[in-house]
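Peer 1: In numbering that gives the first Met the number 0, the protein residues as written are 0 to 335. We put the CB at the ideal spot given by N, CA and C, even for glycine. Treat the numbers as computed from the prediction; the structure is a model and nothing was measured. The following block contains the structure, expressed as structure tokens.
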Amino acid sequence: MEPRVISGVQFSSLPTSYIRPESDRPKLSEVAELNNVPIIDLGCEDESLIIKQIGDACREFGFFQVINHGVPKELVDKILRVAHEFFSLSLEEKMKLYSDDPSKTMRLSTSFNVKKETVHNWRDYLRLHCYPLEKYVPEWPSTPSSFKDIVSSYCSEVRQLGFRLQEAISESLGLDKDRIKNVLGEQGQHMAINYYPACPEPELTYGLPAHTDPNALTILLQDLQVAGLQALKDGKWLAIKPHPGAFVINIGDQLQVLSNGKYKNVWHQAVVNADKERLSVASFLCPCNTANISAPKSFATEGDPNIYRDLTYAEYYKKFWSRNLDQEHCLELFKN
Ligand SMILES: O=C(O)CCC(=O)C(=O)O
Numbered sequence: 000m001e002p003r004v005i006s007g008v009q010f011s012s013l014p015t016s017y018i019r020p021e022s023d024r025p026k027l028s029e030v031a032e033l034n035n036v037p038i039i040d041l042g043c044e045d046e047s048l049i050i051k052q053i054g055d056a057c058r059e060f061g062f063f064q065v066i067n068h069g070v071p072k073e074l075v076d077k078i079l080r081v082a083h084e085f086f087s088l089s090l091e092e093k094m095k096l097y098s099d100d101p102s103k104t105m106r107l108s109t110s111f112n113v114k115k116e117t118v119h120n121w122r123d124y125l126r127l128h129c130y131p132l133e134k135y136v137p138e139w140p141s142t143p144s145s146f147k148d149i150v151s152s153y154c155s156e157v158r159q160l161g162f163r164l165q166e167a168i169s170e171s172l173g174l175d176k177d178r179i180k181n182v183l184g185e186q187g188q189h190m191a192i193n194y195y196p197a198c199p200e201p202e203l204t205y206g207l208p209a210h211t212d213p214n215a216l217t218i219l220l221q222d223l224q225v226a227g228l229q230a231l232k233d234g235k236w237l238a239i240k241p242h243p244g245a246f247v248i249n250i251g252d253q254l255q256v257l258s259n260g261k262y263k264n265v266w267h268q269a270v271v272n273a274d275k276e277r278l279s280v281a282s283f284l285c286p287c288n289t290a291n292i293s294a295p296k297s298f299a300t301e302g303d304p305n306i307y308r309d310l311t312y313a314e315y316y317k318k319f320w321s322r323n324l325d326q327e328h329c330l331e332l333f334k335n
């Protein structure tokens, strides 16, 4: 069966194309909750403390949560509301935006990469390019009518937050504040609004299987009511409980390259549940396509040379989408 969006379709059992082999299922009952996930207060007046906390979290976890981040709560509430409204549109309306072509700058799609994968995932997503806004907003959905206004305000706010975090990450690596931003160039910004319908057999499938993010930094807004995000820490999958007012910040593949592996891209996945739909909004800051990503020479020592060869984001991104998530990690292909 050719996959199509699943939100709005009634299923009494899981279609076979979504069933994972037994060795690759989420083992929902074995997952513990991660209680000590770093929650960093960006409203704290002690900037050096923030930088230290961010550095520690990037080294140890590859992710952290931030609170008092400056993105207004009303805007966060609004984007969640408008995202729900969008996914509640009729199937017919949604199918007008459907595409399985990852090179499209605006598309509603399903699963992950339906043309490449062998097993599908219980997720629909609206993927948008968001920078520069004036170039991309005209192609965004015009229903619900408030969609463009709300999502564009949200994108601008989140972009500023991302830059602030990149400055702190740069300083935490002992680099100039602007070093990371300078390497990444004029950064692109993408968004995935993820919608995971309630699933008839959640123990047999994923919303999104284990992956790291191919970009530089991800700012994830989780549904406050429904948990589903898990991160890999010391070989164990741990549930990241939604924290009121927080964003989850993930280190992406490009920051792993840029830090010569000092900071880890985090493996994460989303699981689904039988009772409730779940929503998340991921904002991805992406290096400029022509940016030459490499670690500073000072990070390579005799015993610890640069792990990765220099790469451009364009070549990395193309490679990432030409594959599926079950293969060897894309970064492995760029090792020296
Ligand atoms: O839904 C989530 O919590 C995770 C989303 C995610 O990892 C992604 O969009 O790349």
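Using the Cα positions of SER145 and TYR153, report the straight-line distance between them to the nearest angstrom.
Peer 2: Against the sequence shown, residue 145 aligns to sequence position 146. Against the sequence shown, residue 153 aligns to sequence position 154. Looking at the two C-alpha atoms, the distance is approximately 12 Å.
Peer 1: In the segment 131-216, which residue ranges form an unbroken beta strand (DSSP E) of at least 3 residues, counting only runs that do not cross its ends?
Peer 2: 187-195 and 207-210
Peer 1: With a threshold of 16 other CB atoms inside 10 Å of the CB of GLU331, please say whether the residue is buried or exposed.
Peer 2: To locate residue 331, count along the sequence shown from 1; it is residue 332. It is exposed - the Cβ of GLU331 has fewer than 16 other Cβ atoms within 10 Å.
Peer 1: Is ASP212 near ligand 1, in the sense that its beta carbon is under 7 Å from a heavy atom of that ligand?
Peer 2: Residue numbering aside, residue 212 sits at position 213 when the sequence shown is read from its first letter. For ligand 1, at least one heavy atom lies less than 7 Å from the Cβ of ASP212.
Peer 1: Name the two residues that bound the continuous beta strand (DSSP E) containing HIS267.
Peer 2: On the sequence shown, residue 267 is found 268 positions in, with the first residue counted as 1. Where HIS267 is concerned, the enclosing beta strand (DSSP E) stretches over 267-269.
Peer 1: Which runs of the beta strand (DSSP E) fall wholly inside the segment 269-316 and span at least 3 residues, in chain order?
Peer 2: 277-285
Peer 1: Should THR104 be labelled buried (16 or more other beta-carbon atoms within 10 Å of its own) or exposed?
Peer 2: Locating residue 104 in the sequence shown gives position 105, where the first residue counts as 1. Classification for THR104: exposed.
Peer 1: Go to ILE39, then tell me how far its beta strand (DSSP E) extends in each direction, as first and last residue.
Peer 2: The residue given as residue 39 occupies position 40 in the sequence shown. Counting along the chain, the beta strand (DSSP E) containing ILE39 begins and ends at 38-40.
Peer 1: At the level of alpha carbons, what is the spacing between PHE60 and LYS263?
Peer 2: Stepping through the sequence shown from its first residue, residue 60 is reached at position 61. Stepping through the sequence shown from its first residue, residue 263 is reached at position 264. Rounded to whole angstroms, PHE60 to LYS263 spans 7 Å at the Cα level.
Peer 1: Below 8 Å between beta carbons: does that hold for THR109 and VAL4?
Peer 2: Translated into positions along the sequence shown, residue 109 becomes position 110. Translated into positions along the sequence shown, residue 4 becomes position 5. Cβ distance < 8 Å, so THR109 and VAL4 count as in contact.
Peer 1: Tell me, please, whether the segment 228-243 touches the segment 293-312 by the rule of three or more beta-carbon pairs shorter than 8 Å.
Peer 2: no
Peer 1: Tell me the DSSP bridge mates of LEU90?
Peer 2: Start at 1 with the first residue of the sequence shown, and residue 90 comes out as number 91. Per DSSP, none; premise fails for LEU90.
Peer 1: Quick check: does the Cβ of GLN188 come within less than 7 Å of any heavy atom belonging to ligand 1?
Peer 2: In the sequence shown, counting from the first residue as 1, residue 188 sits at position 189. No, ligand 1 has no heavy atom inside 7 Å of this Cβ.
Peer 1: Can you tell which of ASN214, SER11, GLU92 and THR117 has the C-alpha that lies nearest to the C-alpha of ARG19?
Peer 2: Sequence index remark: in the sequence shown, residue 19 carries index 20 (1-based). Nearest option by C-alpha distance: THR117.
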